[in-house]
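S.K.:
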Amino acid sequence: MIRKSVLSAGALIVLVAGCGGTTGKPGAAAGVVLPLLTSPFWQSYNAYLPKYAKELGVRTLPAVNSNSDPAQQVTDVNNLLTQGVKGIVVSPLDSAAIVAALGQAERKAVPVVAVDVAPEKGKVAMVVRADNRSYGEQACKHIGGKVQAGKVVQLMGDLASINGRDRSEAFRECMKRDYPKIEVLEVATEWKAEKAAAGLTAILNANADLKGVYMQAGGVFLAPTLQTLKGKGLLKPVGDPGHVVIVSNDGIPQEFDAIRKGEIDATVSQPADLYAKYGLSYVKAAMAGKTFQPGPTDHGSTIVKLPNGLLEDQLPAPLVTKDNVDDPQLWGNSVGKSG
Numbered sequence: 010m011i012r013k014s015v016l017s018a019g020a021l022i023v024l025v026a027g028c029g030g031t032t033g034k035p036g037a038a039a040g041v042v043l044p045l046l047t048s049p050f051w052q053s054y055n056a057y058l059p060k061y062a063k064e065l066g067v068r069t070l071p072a073v074n075s076n077s078d079p080a081q082q083v084t085d086v087n088n089l090l091t092q093g094v095k096g097i098v099v100s101p102l103d104s105a106a107i108v109a110a111l112g113q114a115e116r117k118a119v120p121v122v123a124v125d126v127a128p129e130k131g132k133v134a135m136v137v138r139a140d141n142r143s144y145g146e147q148a149c150k151h152i153g154g155k156v157q158a159g160k161v162v163q164l165m166g167d168l169a170s171i172n173g174r175d176r177s178e179a180f181r182e183c184m185k186r187d188y189p190k191i192e193v194l195e196v197a198t199e200w201k202a203e204k205a206a207a208g209l210t211a212i213l214n215a216n217a218d219l220k221g222v223y224m225q226a227g228g229v230f231l232a233p234t235l236q237t238l239k240g241k242g243l244l245k246p247v248g249d250p251g252h253v254v255i256v257s258n259d260g261i262p263q264e265f266d267a268i269r270k271g272e273i274d275a276t277v278s279q280p281a282d283l284y285a286k287y288g289l290s291y292v293k294a295a296m297a298g299k300t301f302q303p304g305p306t307d308h309g310s311t312i313v314k315l316p317n318g319l320l321e322d323q324l325p326a327p328l329v330t331k332d333n334v335d336d337p338q339l340w341g342n343s344v345g346k347s348g
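According to our numbering, the sequence shown is numbered sequentially starting from 10.
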């Protein structure tokens with residue numbers, strides 16, 4: 010085998026030539042499976058797909074929405090395989106459930122790129138994701154730096170998802186290690202707004218002196234969190250002695266507006282634009298028979314080998330505060346704008 014490095018769609022991709030797999034043919038289509046469209050984050054990701062498909066020259070079928078149903082997502086992948094797609098980009102809802110669909114794709118020699126969530130096992134050409142443990146760490150340090158002691162709550166994502174587990178574990182471990190005077194309360198939400206609202210309400214009923222909130226998905230949790238705090242008379246602006254410190258994850262425009270208003274303190278900007286761009290870039294390369302190796306890229310990330318053997322391109326996800334919320338390079342400030 011001959012190893013060589015190529016530039017593809019602005020990414021440094023280390024590939025191995027002559028390894029077989031699906032070949033990219035003119036007009037070959039890729040399928041895209043969305044996890045849900047009720048979150049502004051995924052709405053933004055979906056909006057970026059046609060832009061980058063055109064830019065990269067990737068023909069895609071209309072994106073399929075699995076509506077937060079892991080079983081439906083497996084069906085959606087199988088339906089795309091039946092339609093004859095030559096590559097699939099999927100954002101797994103459940104890291105274990107998606108394995109069955111990956112097996113079907115492998116049997117048909119159709120490469121799959123996983124975006125945002127890594128599967129527990131199975132064959133994928135690449136996982137395109139940010140370091141989700143870093144999300145929890147950054148939230149912990151920002152809240153811990155402002156809250157000296159007391160109780161904080163993390164609104165956890167679905168623990169069936171590696172993202173939910175990574176963010177939850179990292180936040181919990183960081184608080185225990187670095188801020189021992191802070192007690193961490195937890196709400197299991199399964200990424201559902203109504204569960205976040207109900208859980209936060211119960212926490213506040215028993216802990217009116219709550220000092221901080223970590224929202225693991227602002228696209229789902231921002232509105233119910235602000236509404237719940239407001240209903241309890243606890244939505245105080247940043248700088249007010251009664252302010253509850255709030256850190257989020259996603260980087261959607263609504264979070265940026267909340268930072269500007271002083272309603273929340275910070276968010277970690279999860280790269281919806283780069284998820285779309287590099288998800289499509291990698292599937293295009295994989296459809297052409299290319300495979301990849303660990304190492305640095307030229308878009309500020311590193312491809313790492315996960316413990317389960319899969320490769321993951323870990324994209325940067327910066328912390329956004331009032332100091333940099335107006336940065337035009339943040340996708341949350343440009344999504345939906347022309348030019």
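Built from N, CA and C at the ideal position, the CB exists for glycine as well.
Go through the segment 91-164 residue by residue and report every complete run of the beta strand (DSSP E) that reaches 3 residues or more, in order.
M.R.: 96-99, 121-124, 135-139
S.K.: Can the beta-carbon of leucine 43 be found closer than 8 Å to that of alanine 72?
M.R.: yes
S.K.: Taking DSSP as the reference, what is the three-state secondary structure of alanine 37?
M.R.: Reduced to three states, the DSSP call for alanine 37 is coil.
S.K.: Kindly provide the ranges of any alpha helix (DSSP H) runs that are 4 or more residues long and lie completely inside the segment 44-76, ordered along the chain.
M.R.: Fully enclosed alpha helix (DSSP H) runs of 4 or longer: 49-65.
S.K.: What residue from Pro128, Asn333, Ala267, Gly145 has the CA that sits closest to leucine 320's CA?
M.R.: Pro128
S.K.: Going by DSSP, name the residue or residues bridged to lysine 314.
M.R.: Leu320
S.K.: Using the C-alpha atoms, what's the distance from leucine 90 back to aspartate 335?
M.R.: 42 Å
S.K.: What are the start and end residues of the alpha helix (DSSP H) that includes asparagine 172?
M.R.: Asparagine 172 -> alpha helix (DSSP H) spans 171-187.
S.K.: So what's threonine 234 in DSSP terms, helix, strand or just coil?
M.R.: Threonine 234: helix per DSSP, three-state reduction.
S.K.: Exposed or buried, what is valine 329 when buried is set at 16 or more other beta-carbons lying within 10 Å of its beta-carbon?
M.R.: By the 10 Å Cβ count, valine 329 comes out buried.
S.K.: Closest by CA to serine 100, which one among Asp125, Ala134, Tyr144?
M.R.: The residue with the shortest Cα to Cα distance from serine 100 is Asp125.
S.K.: Name the residue from Asp187, Thr237, Ala217, Val193 whose alpha carbon lies nearest to the alpha carbon of lysine 204.
M.R.: Thr237
S.K.: Could you give the DSSP three-state label for glycine 30: helix, strand or coil?
M.R.: A caution first: glycine 30 carries a pLDDT of 32, below 50, which makes its placement in the model unreliable, though a value can still be read off. Note: glycine 30 maps to coil in three-state DSSP.
S.K.: How big is the Cα-Cα spacing for leucine 315 and alanine 105?
M.R.: 15 Å
S.K.: How far does the alpha helix (DSSP H) with asparagine 214 in it extend, from its first residue to its last?
M.R.: 202-215
S.K.: Should proline 214 be labelled buried (16 or more other beta-carbon atoms within 10 Å of its own) or exposed?
M.R.: The question names proline, but residue 214 is asparagine in the sequence shown. Exposed, by the Cβ-count rule.
S.K.: From the DSSP output, which residues share a beta bridge with asparagine 258?
M.R.: Val277
S.K.: Could you tell me which residues DSSP puts in a beta bridge with isoleucine 191?
M.R.: Gly159
S.K.: Whose C-beta lies closer than 7 Å to the C-beta of aspartate 259 among residues of the same chain, with five residues either side of it excluded?
M.R.: Phe50, Ala226, Gly227, Gly228, Thr276, Gln279
S.K.: Flag this pair as yes or no: are the beta carbons of valine 162 and isoleucine 107 separated by less than 8 Å?
M.R.: no
S.K.: Taking threonine 210 as the reference, which of Gly242, Lys299, Glu192 has the closest Cα?
M.R.: Gly242
S.K.: Could you tell me the distance, in whole angstroms, from the CA atom of asparagine 216 to the CA atom of valine 253?
M.R.: Each residue's alpha carbon lies about 12 Å from the other.
S.K.: Nearest-angstrom Cα distance between asparagine 141 and alanine 37?
M.R.: 33 Å
S.K.: Looking at the structure shown, is leucine 283 part of a helix, part of a strand, or coil, going by DSSP?
M.R.: helix
S.K.: For valine 196, which residues does DSSP report across the bridge?
M.R.: Leu164
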